[in-house]
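Chemist: Per the numbering used here, residue 2 is the first one in the sequence shown, and the count goes up by one each step. Note that the Cβ used here is the ideal one computed from N, Cα and C, for glycine as well. Please read these numbers as outputs of a predicted model, since none were measured by experiment. To start, I am sharing the structure in question, which I have written as structure tokens.
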Amino acid sequence: MLTNQKKDSSDVNQQALTTIPAIDEQLAQKLEEQSKPQALTDGGPLPSDPDAPTTLPQVLERSAEQIVGESIIYLQGDGSEIVQSYAELLEEAQKILAGLRKQGLTPQDKVILQLEKSWDIIPAFWGCILGGFVPTIMEAPITYVESNPIAKKLRQIWKFLDKPFLITNKELPEKIQSFLSGSEQKVSCIETLRHNAPDKSYYPSQPEETAFFNLTSGSTGIPKCVRMTHRNLISRSRGANILNHHQPEDVILNWLPFDHIGSICDWHIRCIELGCKQVYAAKEYILGRPLNWLDLIDKYRVNYSWAPNFAYSLVNDLLERQPNQTWDLSCVQFLLTAGEAVSSQAVEEFMEKMAAYGLSKTAIRPAFGMAELGSGITYYQPTPEAPLKFHRVDKDSLKGTIKRVGAEHPNSSIFADLGPVIPGVTIRIVDEENSILPEDTIGHLQVSGDAVSPGYDKNPEANQASFIENGWFDTGDLGFITNGHLVLTGRAKETIIINGANYYSQEIETVVEEVEGVEVSYTAACAVRDGGGSTEKLGIFFHLTTQKDEEILPLLQTIRKQVISKIGVNPDYLIPVAREVIPKTAIGKIQRLQLSKGFEAGEFTQILKQLGDQNARSSKEKIAPRNKLEHQLASIWQDVLGIPTVGIEDNFFELGGNSIVAMALVNKLQDELNKIMHPVALFDAPTIATLAEYLQENYSELAEETEGKVVSKLSTGQKMERVKKSWELVVKIGEN
2 MLTNQKKDSS DVNQQALTTI PAIDEQLAQK LEEQSKPQAL TDGGPLPSDP DAPTTLPQVL
62 ERSAEQIVGE SIIYLQGDGS EIVQSYAELL EEAQKILAGL RKQGLTPQDK VILQLEKSWD
122 IIPAFWGCIL GGFVPTIMEA PITYVESNPI AKKLRQIWKF LDKPFLITNK ELPEKIQSFL
182 SGSEQKVSCI ETLRHNAPDK SYYPSQPEET AFFNLTSGST GIPKCVRMTH RNLISRSRGA
242 NILNHHQPED VILNWLPFDH IGSICDWHIR CIELGCKQVY AAKEYILGRP LNWLDLIDKY
302 RVNYSWAPNF AYSLVNDLLE RQPNQTWDLS CVQFLLTAGE AVSSQAVEEF MEKMAAYGLS
362 KTAIRPAFGM AELGSGITYY QPTPEAPLKF HRVDKDSLKG TIKRVGAEHP NSSIFADLGP
422 VIPGVTIRIV DEENSILPED TIGHLQVSGD AVSPGYDKNP EANQASFIEN GWFDTGDLGF
482 ITNGHLVLTG RAKETIIING ANYYSQEIET VVEEVEGVEV SYTAACAVRD GGGSTEKLGI
542 FFHLTTQKDE EILPLLQTIR KQVISKIGVN PDYLIPVARE VIPKTAIGKI QRLQLSKGFE
602 AGEFTQILKQ LGDQNARSSK EKIAPRNKLE HQLASIWQDV LGIPTVGIED NFFELGGNSI
662 VAMALVNKLQ DELNKIMHPV ALFDAPTIAT LAEYLQENYS ELAEETEGKV VSKLSTGQKM
722 ERVKKSWELV VKIGEN
């Protein structure tokens with residue numbers, strides 16, 4: 002008995018000895034956490050300048066007086082230029098101000114800008130600002146029909162803002178009035194507003210007054226209207242210019258649309274505050290051929306430009322097929338990457354490829370900003386020793402204190418360093434009770450300072466949720482601060498960022514579950530990355546009530562159409578799974594992160610392969626091209642869509658086409674057929690058969706390429722029905 006007791010005692014002692022290192026490690030970790038500084042950092046105060054403008058009209062007036070010569074170059078679709086000085090911009094804005102006052106507008110009246118061209122948007126914006134009117138820049142849809150989600154968004158905001166005045170182009174007022182239906186619309190065209198004598202009597206704006214509204218995603222499907230004051234905009238602009246050492250001699254290039262907060266604030270208002278030269282290209286010109294972006298940088302000797310992460314990936318892919326360009330990019334000091342998660346693979350590959358063209362290795366600048374902050378508030382500051390910085394973290398530590406690991410670690414995630422904060426702004430990382438956490442601990446990102454919006458218009462619930470006590474704004478992002486630099490790791494709420502636009506998981510899931518044959522409560526919309534992919538893609542997992550092969554593919558097509566029509570985004574992956582594959586908590590909450598991780602690990606590869614095989618079998622039933630032109634078109638479609646086969650009756654949008662792919666397709670058609678075609682033609686002719694017919698009707702020499710084969714003609718009624726159906730599939734990719 003004593004012998005057994007001694008043995009047991011020895012075992013206990015041995016166990017105690019083996020646990021000492023673990024206890025020591027935990028204690029050391031605890032002590033390390035306690036020794037870390039708080040996750041609270043600021044950029045210091047803005048320098049005092051009694052002569053600095055305090056309102057936007059003063060900003061434009063000062064630059065118009067001090068900067069001589071061409072200040073803005075607007076690039077038209079054919080490459081020609083519209084050149085404008087700041088003084089000429091001011092005069093044009095004064096003319097528009099006079100026209101708006103003739104329409105009966107008074108200070109603080111709201112105005113929606115429904116304009117396509119930058120040379121219309123910018124003067125109209127400033128005409129509103131000079132009069133104290135509150136503009137909202139909204140994307141103009143290609144056509145005003147009920148099935149177009151961009152048009153639908155216009156109607157929602159127009160009603161939300163109490164049916165304000167609209168400014169558009171001369172060919173659109175009747176179409177807008179018909180779409181909005183009713184006698185309340187007040188619409189005027191920019192061409193008429195320009196034909197007035199300049200009105201130099203401005204409204205005396207105050208720094209705390211709302212200057213304009215910017216739209217951001219809302220969880221109910223209706224965007225939130227962010228109020229931006231003169232103080233917000235000027236303070237952020239000055240802070241960004243100081244941190245990034247911008248100079249009046251800079252030349253900037255922007256090609257993102259002006260309804261995006263970055264374009265109007267960081268790449269226009271900030272530049273006018275600075276007094277630098279601005280070059281503006283249309284997004285269609287760049288997205289149709291992304292290498293045009295670098296062509297323009299070279300041509301205009303641009304120092305500063307920007308793009309979301311997906312654009313860097315597009316350039317990388319194109320350079321694989323079109324190497325040996327002739328650029329000289331030694332002029333570039335700053336290429337911002339923002340708007341979506343920064344991929345180390347995409348930007349590092351971009352830097353490697355661009356080194357041959359003289360691009361400095363310190364040019365890439367990851368940054369963070371939001372509509373509620375007036376655009377960027379943190380910017381990475383590269384050095385030759387650390388041109389880019391990424392933090393590789395053990396995934397198991399993403400809910401607390403981070404654990405850094407090496408590249409060989411099998412369970413790691415990598416996050417971009419987003420740099421320090423601008424002067425005039427403070428950021429912190431807090432827990433659920435808003436208590437500040439130590440550095441290198443993941444929590445909720447909050448921001449305070451003059452750049453922070455006073456709130457959303459007419460949305461008390463959202464204001465209460467996001468704008469908390471003592472002037473802090475909760476961004477909804479998760480991340481950590483390390484050595485005073487911000488690193489983001491994800492979103493606190495279930496949102497998916499695709500090409501810079503936010504989409505809510507629950508909203509997408511609701512739309513999918515409206516399809517008959519999809520079982521309710523077993524649908525998950527997630528951000529996914531395929532093996533080594535550089536950008537987030539939309540994957541939708543769901544359970545179908547049928548398992549018959551012949552019924553699955555039609556259901557997937559219906560789901561795709563439904564999501565495109567109602568959400569305005571084309572899913573990258575539709576993945577039918579068994580009920581038990583959708584992970585849920587004990588109370589039934591779907592755990593989307595588990596599905597995202599499983600996708601990245603290849604758990605759904607077999608399902609996707611099976612679907613591909615079914616598609617391949619289905620493709621045998623496709624109608625093959627009947628003549629030379631249709632064969633040419635089929636080859637082009639297969640190339641830009643990345644699919645092995647296509648039938649002449651297949652719909653471009655059902656095959657995965659979206660606005661970005663449409664631009665690439667039109668560009669390739671123009672290159673190979675040497676014919677200029679507007680992207681809207683794809684909506685009128687969304688199949689190879691109809692597109693071939695369109696080309697033959699518009700270019701007689703192509704009719705010879707039918708090789709004597711008869712192409713059936715459609716009646717006007719049939720054409721209109723086809724256009725109507727194709728519009729149900731219109732896609733808008735994240736240009737918010």
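1) Would DSSP call TRP307 helix, strand or coil?
2) What whole-angstrom Cβ distance do ILE168 and LEU116 have, given they're in contact under 8 Å?
3) What are the residues that DSSP puts in a beta bridge with LYS459?
4) Does the Cβ of ARG290 have 16 or more other Cβ atoms within 10 Å, making it buried, or fewer, making it exposed?
5) For PRO385, which residues of its own chain have a beta-carbon under 8 Å away from its beta-carbon, when the five flanking residues on both sides are left out?
6) If contacts are defined as beta-carbon pairs under 8 Å, then PRO165 and ILE113 qualify, I think. What distance do you get, rounded to the angstrom?
7) What would DSSP say about HIS632, mapped onto helix, strand or coil?
8) Quick check on this structure: which residue in GLY480, TRP473, HIS261 has the alpha carbon closest to the alpha carbon of TRP307?
9) I'd like the span of the alpha helix (DSSP H) that includes GLY132, first residue to last.
10) For ILE83, is the classification buried or exposed, using 16 other Cβ atoms within 10 angstroms of its Cβ as the cut-off for buried?
11) Apart from the five residues just before and just after GLU71, which ones in its own chain have a Cβ nearer than 8 Å to its Cβ?
12) Taking the alpha-carbon of ILE415 as reference, which of LYS396, THR688, GLU433 has the nearest alpha-carbon?
13) Where does THR230 sit, in a helix, a strand or coil, going by DSSP?
14) Within 10 angstroms of its Cβ, does ASP200 collect 16 or more other Cβ (buried), or is it exposed?
15) Taking VAL570 as the reference, which of THR137, ALA141, ILE151, GLY133 has the closest Cα?
16) Since I believe ALA40 is in contact with THR442 (beta carbons under 8 Å), could you give me their beta-carbon distance rounded to a whole number of angstroms?
17) With DSSP run on the structure shown, which of helix, strand or coil describes TYR1?
18) Assign LEU336 to one of three DSSP states: helix, strand, or coil.
19) Please work out which residues of its chain come closer than 8 Å, Cβ to Cβ, to ASN242, disregarding the five sequence neighbours upstream and downstream, and give them in chain order.
20) Taking DSSP as the reference, what is the three-state secondary structure of ARG290?
21) Can you tell me whether ASP329 is buried or exposed? The criterion is at least 16 other CB atoms within 10 Å of its CB, across all chains shown.
22) Contact between the segment 387-403 and the segment 471-491 is defined here as three or more beta-carbon pairs at a separation below 8 Å; is this criterion met?
23) Output the distance between the C-alpha atoms of GLN548 and GLY518, rounded to the nearest integer angstrom.
24) On the DSSP bridge list, what partners appear for ARG366?
25) Would you mind giving the Cβ-Cβ distance between ALA99 and ASN197, rounded to the nearest angstrom? I have them listed as a contact below 8 Å.
26) What distance in whole Å lies between the Cβ atoms of GLN95 and LEU131, which are believed to be in contact at a cut-off of 8 Å?
27) Within 10 Å of its beta-carbon, does LYS610 have 16 or more other beta-carbons around it, so buried, or fewer, so exposed?
28) Nearer than 7 Å: is that true of the beta carbon of ILE591 relative to any heavy atom of the ligand SAM?
29) Count the other C-beta atoms from every protein chain shown that fall within 10 angstroms of the C-beta of ARG405, then say buried if there are 16 or more, exposed otherwise.
30) When we look at the beta-carbon of ALA357 and count the other beta-carbons within 10 Å, is it buried (16 or more) or exposed?
31) Is GLY80 near PRO424, with beta carbons less than 8 Å apart?
32) Less than 8 Å between C-beta atoms, sequence neighbours within five positions excluded: which residues of the same chain meet that for ILE608?
33) Would ALA693 pass as a contact of LEU656 if the rule is Cβ separation under 8 Å?
34) Roughly how many whole angstroms lie between the Cα atoms of ALA387 and GLN346?
35) For HIS392, which of SER413, ILE143, ALA368 has the nearest alpha-carbon?
36) Can you tell me the Cα-Cα spacing of VAL135 and LYS187, whole angstroms?
Modeler: The answer reads as follows:
1) In this structure, TRP307 counts as strand in the three-state DSSP scheme.
2) Between ILE168 and LEU116 the beta-carbon gap is near 7 Å, inside 8 Å, which marks them as a contact.
3) Answer is none; LYS459 lacks a bridge partner.
4) The Cβ neighbour count for ARG290, taken over all protein chains shown within 10 Å, is at least 16; the residue is labelled buried.
5) Excluding sequence neighbours, PRO385 sits near LYS362, THR363.
6) About 6 Å; that satisfies the 8 Å criterion.
7) HIS632 falls in the helix class under three-state DSSP.
8) Out of GLY480, TRP473, HIS261, the CA that lies nearest to the CA of TRP307 is found in HIS261.
9) Judged by DSSP secondary structure, GLY132 falls within the alpha helix (DSSP H) whose first and last residues are 119-132.
10) Counting Cβ neighbours within 10 Å, ILE83 comes out exposed, since fewer than 16 surround it.
11) Closer than 8 Å at the Cβ level, and outside the excluded window around GLU71, lie VAL84, GLN85, SER86, LYS278.
12) The closest CA to that of ILE415, considering only LYS396, THR688, GLU433, is found on LYS396.
13) THR230: strand per DSSP, three-state reduction.
14) Answer is buried; the Cβ neighbour count reaches 16.
15) Nearest C-alpha to VAL570: ILE151.
16) With 8 Å as the limit, THR442 and ALA40 qualify as a contact, their Cβ atoms being about 7 Å apart.
17) In the structure as shown, the chain begins at 2 and stops at 737. Residue 1 is therefore absent and cannot be evaluated.
18) It is a strand residue.
19) Correct list, in chain order: ARG271, GLU274, LEU275.
20) In the structure shown, ARG290 sits in coil (DSSP, three-state: anything other than H, G, I, E or B).
21) The residue is exposed, with fewer than 16 neighbouring Cβ atoms inside 10 Å.
22) A contact exists between the segment 387-403 and the segment 471-491.
23) Whole-angstrom Cα-Cα distance: 10 Å.
24) DSSP, once it has assigned bridges, lists LEU337 as partnering ARG366.
25) About 4 Å separates the CB atoms of ALA99 and ASN197; that is less than 8 Å, so the two are in contact.
26) At roughly 7 Å, the Cβ-Cβ gap stays under 8 Å, so LEU131 and GLN95 are in contact.
27) LYS610 is classed as exposed because its beta carbon has fewer than 16 other beta carbons within 10 Å across all chains shown.
28) As for the ligand SAM, it is missing from this structure, which has no ligand bound.
29) In this structure ARG405 is exposed. Its beta-carbon is surrounded by fewer than 16 other beta-carbon atoms within 10 angstroms.
30) Classification of ALA357: exposed, given that the 10 Å Cβ count is below 16.
31) No, the pair does not count as a contact, with Cβ atoms beyond the cut-off.
32) Sequence-distant partners of ILE608 (beyond 5 residues in either direction) whose C-beta falls short of 8 Å from its own C-beta, in its chain, are ILE576, PRO577, VAL578.
33) Contact flag unset, no.
34) If I take the Cα positions, the gap works out to 16 Å.
35) That would be SER413, whose Cα lies nearest to the Cα of HIS392.
36) Looking at the two C-alpha atoms, the distance is approximately 15 Å.
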